[in-house]
């Protein structure tokens, strides 16, 4: 019944009786039922609580775990002490499966009674020391829920977690990788810190790795080099072996079949790896673009953010971001975003050819986004600006009104960069006012004509005449631009437009929208001089015809990377509940010895066994033999 989605809660008392059954299979089924309904039928579950407590002592590990799971699902504060006791006992159980269940019960108890935090932290500390892969993911999850600020609990277990990572189950891997990303940001130095300083000081690649000769040269060069660069060169960056251990042990997980794991490793490399090594994640992320559209959507959001800072690493995979007609709209728009970010002088012609095809698509939102992308390419790459403008002007004769409207809005932004060259385009757009009905496009054309009315002195008054006729039927944003156009023409060419302007202001005075009535009142006081007009009216020309800076067309993903990549907050571009900030790199590295683990005497085995272990385990965890430093202490 439960599997079919039917409500079986009425049978609760009848099912609970069977907990005492000797048959293991029946017992398991009873516990499956109880986990499902314990939260809803709390009173009935409380009645049978002694049975669950007996179950915690059962010889079968599955029954012990199930009993704990049911106990922690009864959300009643009275039994918090019983739950606490059960979790503490389960944490030192022989079976790793039961210890894992104890780790799962910790966040449940914490949400029921946050005052138990200190006791729960002790249990977490005990479970973090566990050496089994089964427990690792679950206890780190509990750590993240209960006490993510207690980084000191991780120090001693850091190397062990790095080495176990490859064998932990997939969702555990995701949690551990995200936690270690934050840990590494507080414990290690920024591997890219010298690059910026060296570039300022004109230092080359060689000094990045540093050597004794460089240091001698430094003393002589100190006067003529920038001080910051000299500092950077005197202290060549050396990566902490533990930092290297983390990068090396996460790299094989880029081949994982689970997209979330690949994404987690990608964000770890993006946030922690030296620039030269980040490139390895590009291939793995491009591979994820072959999976379901939901996965593609998340991956593309992250790729779009990465391409702003690290464009080079995705350039070889440009073709993977070409758009297929079968892609859903939101994926098309994200791929466009990536293509636009990847555009540079060498590949722009190919990208623009792609864009030309996209404009013929039937998907209107996508076409609009493509036209905006062309505009962004034109602003970022000066050489193709005129080509793009001509292409957009040709689109103005397109049969589809939405294409024309979007083109008008983009052309307006591009023309603001160099209007004096393009008065013929402004004339061409003035003619479109008869046909285009989309309000935003009409408003953009009117703004252009008003702003650059000196370039089209013959056409501008005529446009105003036509607009005055249709004023009452226009949308509000168009009416506001008609008022602006009238004011600008009144100030530059009052002989022809004085009466027209007064007519338009009178129409606006009785408009239904108070914004428009307001604007009309304000403009009239400002431009039509009367005895009462204030001190501002002599500055009217400066106010209306001031030079306006051209708009900067920026990627919507520009500042997204202050959220940790791969997180829900990054996806939504807003801080989600439970999100933990990614800490800034420390100025000086904290003491690395906190991660050293003391090996108790009695665990040291005979040398022959040690050799045997080394033979078996070493190559399994690490690719090179030269890394015995941090791993050995963890292994032993």
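Residue numbers (the numbering used here): 49 to 684.
Virtual Cβ for every residue (Gly too), placed ideally from N, Cα, C.
Small disclaimer: the values here were computed from a predicted structure and weren't measured.
Quiz item: What whole-angstrom Cβ distance do residue 209 and residue 182 have, given they're in contact under 8 Å?
Solution: Cβ atoms of residue 209 and residue 182 stay farther apart than 8 Å, at about 14 Å.
Quiz item: Roughly how many whole angstroms lie between the Cα atoms of residue 59 and residue 67?
Solution: The C-alpha of residue 59 lies about 14 Å from the C-alpha of residue 67.
Quiz item: If we call anything under 7 Å between Cβ atoms a contact, is residue 128 one with residue 100?
Solution: No; because the gap between Cβ atoms is not below 7 Å, this pair is not in contact.
Exercise. For residue 219, collect the residues of the same chain with a Cβ closer than 7 Å to its Cβ; drop the 5 residues on either side in sequence, then sort them by chain order.
Key: Within its own chain, the residues whose Cβ lies closer than 7 Å to the Cβ of residue 219, once the five positions on either side in sequence are excluded, are 185, listed in chain order.
Quiz item: Within 10 angstroms of its Cβ, does residue 626 collect 16 or more other Cβ (buried), or is it exposed?
Solution: By the 16-neighbour rule on beta-carbons within 10 angstroms, residue 626 is exposed.
Quiz item: For residue 536 versus residue 592, is the C-beta spacing smaller than 7 Å?
Solution: Closer than 7 Å, so yes.
Quiz item: Near residue 158, what residues of its chain come up, given a Cβ to Cβ distance below 7 Å and the 5 sequence neighbours on each side ignored?
Solution: Result list for residue 158: 164, 165, 168, 193 and 194, in chain order.
Exercise. Would you mind working out which of 212, 215 and 148 sits nearest residue 191, comparing C-alpha positions?
Key: Residue 191 has its Cα closest to that of 148, out of 212, 215 and 148.
Self-check item: Burial state of residue 395 (16 or more Cβ within 10 Å)
Solution: In this structure residue 395 is exposed. Its beta-carbon is surrounded by fewer than 16 other beta-carbon atoms within 10 angstroms.
Quiz item: Using the beta-carbon count (16 or more within 10 Å), is residue 438 buried or exposed?
Solution: With fewer than 16 other beta carbons inside 10 angstroms of its own, residue 438 counts as exposed.
Practice problem: Count the C-beta pairs between the region 320–329 and the region 569–578 that are closer than 8 Å, then say yes if the count reaches three, no if not. | Solution: Touching, no, given that fewer than three Cβ pairs across the two stretches are closer than 8 Å.
Quiz prompt | Candidates 187, 393, 370 and 374, of which the one nearest residue 404 by Cα | solution = Nearest to residue 404 by C-alpha distance, out of 187, 393, 370 and 374, is 370.
Quiz item: alpha helix (DSSP H) containing residue 145: first to last residue?
Solution: Taken as a continuous stretch (DSSP letters only), the alpha helix (DSSP H) holding residue 145 covers 144–160.
Quiz item: Can you find a heavy atom of the ligand GTP that lies under 6 Å from the Cβ of residue 158?
Solution: No copy of the ligand GTP occurs in the structure displayed, which carries no ligand at all.
Self-check item: DSSP three-state assignment for residue 49, whether helix, strand or coil
Solution: Coil.
Exercise. Could you check the C-alpha separation between residue 494 and residue 519 for me, to the nearest Å?
Key: Going from the Cα of residue 494 to the Cα of residue 519 covers about 13 Å.
Exercise. With residue 178 as the anchor, note down where its alpha helix (DSSP H) starts and where it stops.
Key: Neither: residue 178 is in no alpha helix (DSSP H) and is coded neither H nor E.
Exercise. Excluding the 5 residues preceding and the 5 following residue 559 in the sequence, name in chain order all residues of the same chain whose CB lies nearer than 6 Å to its CB.
Key: The beta carbon of residue 559 is closer than 6 Å to those of 565 in its chain, skipping five residues each way along the sequence.
Quiz item: If you scan the region 443–529 from start to end, which runs of the alpha helix (DSSP H) of 4 or more residues do you find wholly inside it?
Solution: You should have 449–463, 471–479, 487–499 and 507–518.
Quiz item: Would residue 91 pass as a contact of residue 643 if the rule is Cβ separation under 7 Å?
Solution: In this structure, residue 91 keeps its C-beta atom at 7 Å or more from the C-beta atom of residue 643.
Practice problem: Assign residue 319 to one of three DSSP states: helix, strand, or coil. | Solution: Residue 319: helix per DSSP, three-state reduction.
Quiz item: Which first and last residues belong to the alpha helix (DSSP H) in which residue 415 is found?
Solution: First-last of the alpha helix (DSSP H) with residue 415: 412–428.
Quiz prompt | Simplified DSSP assignment, three categories, for residue 407 | solution = Note: residue 407 maps to coil in three-state DSSP.
Quiz item: Between the beta-carbon of residue 407 and the beta-carbon of residue 415, is there less than 7 Å?
Solution: Their beta carbons are under 7 Å apart, which means residue 407 touches residue 415 by this criterion.
Quiz item: Can you tell which of 69, 56, 73 and 74 has its C-alpha closest to the C-alpha of residue 84?
Solution: Minimum Cα-Cα distance from residue 84 among the listed residues 69, 56, 73 and 74 corresponds to 56.
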